[in-house]
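Working notes, beginning with the structure itself.
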Amino acid sequence: MAMVELFDRYYALQISDLLITIDDLDIEFHVEGGNKENANKTEIAIYNLSDMSKAKIKKDERIQLKAGYRNDYGIIFYGIIDRVWDERDGGDVKTVITALDETKSLFESGIIIKKYPEGTSVTTVVKDMFSAAGIPVGKVEDPGVTLPKDYVFDKTAYENIRTCIGFANGELVKQNTIPLDLLLEVGWTAYIKNNMGYFVRKQFQDVEAIILSSETGLIEVMEQESEDSAIDYKVKSLLQWKASTDSIIKLESIRVKGTFKVAEYSHVCKGEEYYSELGVKAV
Numbered sequence: 589m590a591m592v593e594l595f596d597r598y599y600a601l602q603i604s605d606l607l608i609t610i611d612d613l614d615i616e617f618h619v620e621g622g623n624k625e626n627a628n629k630t631e632i633a634i635y636n637l638s639d640m641s642k643a644k645i646k647k648d649e650r651i652q653l654k655a656g657y658r659n660d661y662g663i664i665f666y667g668i669i670d671r672v673w674d675e676r677d678g679g680d681v682k683t684v685i686t687a688l689d690e691t692k693s694l695f696e697s698g699i700i701i702k703k704y705p706e707g708t709s710v711t712t713v714v715k716d717m718f719s720a721a722g723i724p725v726g727k728v729e730d731p732g733v734t735l736p737k738d739y740v741f742d743k744t745a746y747e748n749i750r751t752c753i754g755f756a757n758g759e760l761v762k763q764n765t766i767p768l769d770l771l772l773e774v775g776w777t778a779y780i781k782n783n784m785g786y787f788v789r790k791q792f793q794d795v796e797a798i799i800l801s802s803e804t805g806l807i808e809v810m811e812q813e814s815e816d817s818a819i820d821y822k823v824k825s826l827l828q829w830k831a832s833t834d835s836i837i838k839l840e841s842i843r844v845k846g847t848f849k850v851a852e853y854s855h856v857c858k859g860e861e862y863y864s865e866l867g868v869k870a871v
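Written as structure tokens, this is what we have:
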């Protein structure tokens, strides 16, 4: 995207039949995500909302936030409202919403007890658990691993899927398909993205590479010097709505050039600020 296209910002918030766009009211938001096994979350503030509109914003309602630019925007958050309250901000009243993505449903699905016979594919179990939690499948890849014996799954959907990850990674390490020292980088994982469930390799990519340079909105690149850091650089740019966990970034700055994967991210709209901050790791 050329720099000239990055200035006509746009956002749209949908809650039930309530739609608020940048042409209607001022909105601030902070969306953040990273550890795919924990819920991504957002905090949104809507200024001077009518009482009729406030009545439509309730705990456990589904919420969708789109952002970007007039000619290029998309979903940056989809989830469930967790809390709603009002605050005074000078002469204005802002309605504040916090929400979590559908990872919450995996934890709150209740105990699921189901027995599977030896030889059942772990993908069958994973799909069943997503379904039990009310989460549609985005992508479930088959590691070619089956249950080694008759097995009773008897925990929450999240914990049962974690067991499947253990079966998959354990068997693939045993087969020397995945070296043990690379398990954290290339093993199997499960997560929720845009309200859909994924059970994939950690190398899975579902979007095209995002090129970041001064011409496409890059603001700064900050090296992370700690040896314990999970990222190599923190990258700040004008808001890049397509950037999320595991997005591929082609960085073209004066100091740093190369291909990186997003490990953590945030999208921010507050006053004149409209940016994304990405923690990236070299690939």
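The sequence shown begins at 589 in this note's numbering and counts up one residue at a time.
The beta-carbon is built from N, C-alpha and C at its ideal position, and this holds for glycine as well.
Note that the structure is a prediction, hence the values are computed from the model and not measured.
Following the DSSP letters along the chain, one finds Val844 in no beta strand (DSSP E), marked with neither H nor E. Only residues of its own chain outside the window of five on either side were considered, and among them Gln652 have a CB closer than 6 Å to the CB of Gln602, listed in chain order.
Ala756 is positioned such that its CB atom lies closer than 8 Å to that of Val710. Closest option to Thr683, judged by alpha-carbon separation, among Lys692, Ala818, Gly867, Ala643: Ala643.
In this model, Glu649 and Ile819 are separated by some 34 Å (Cα to Cα). With 16 or more other CB atoms across the displayed protein chains lying within 10 angstroms of its CB, Gly785 is buried. DSSP, reduced to helix, strand and coil, places Val710 within a helical segment of the structure shown. The beta carbon of Val788 sits closer than 6 Å to the beta carbons of Lys727, Glu729 from its chain, once the five residues preceding and following it are set aside; these are given in chain order. Here Ala870 is exposed: its Cβ has fewer than 16 other Cβ atoms, across all protein chains shown, within 10 Å. Listed in chain order, the non-local C-beta contacts of Pro724 below 8 Å within the same chain comprise Phe718, Asn783, Met784, Gly785, local neighbours out to five positions each way being set aside. By DSSP's assignment, Lys822 forms a beta bridge with Met810, Gly867. In the three-state scheme derived from DSSP, where H, G and I count as helix and E and B as strand, Glu620 is classed as strand.
Put simply, the backbone Cα of Thr708 is about 29 Å away from that of Asp689.
Spatial neighbours of Gly678 in its own chain (CB-CB distance under 7 Å, excluding positions within 5 residues in sequence) are not present. Taking Glu616 as reference, the option from Thr609, Ala600, Ile634 with the minimal CA-CA separation is Ile634. Sixteen is the threshold: when 16 or more other Cβ atoms of the shown chains lie within 10 Å of the Cβ of Lys781, as they do, the residue is buried. When the Cα atoms are used, Ala851 and Glu620 turn out to be separated by approximately 11 Å. Residue state for Glu747 is assigned as helix, using DSSP reduced to three classes.
Assignment of Val761 by DSSP, reduced to helix, strand and coil, places it in the helix class.
In the same chain as Ile632, and ignoring 5 residues on each side of it, the C-beta atoms closer than 6 Å to its own belong to Phe617, Ile685, in chain order. A check of alpha carbon separations from Leu826 across Ala797, Val856, Gln812 identifies Val856 as the nearest.
Lys849 places its beta carbon less than 8 Å from that of Ile836. Here the alpha carbons of Trp776 and Asn659 stand approximately 36 Å from one another. Bridge partners of Arg789 according to DSSP: Trp776. For Lys644, no alpha helix (DSSP H) run applies, since DSSP gives it neither H nor E. For Leu601, DSSP records a beta bridge to Ile608, Leu653.
Gly754 sits in a helix when the DSSP states are folded into three classes.
For Asn636 and Glu865, the gap between their C-alpha atoms comes out near 28 Å.
DSSP places Asp716 within a helical segment (H, G or I) once states are collapsed to three.
The C-beta of Val868 has 16 or more other C-beta atoms within 10 Å across all chains shown, which makes the residue buried.
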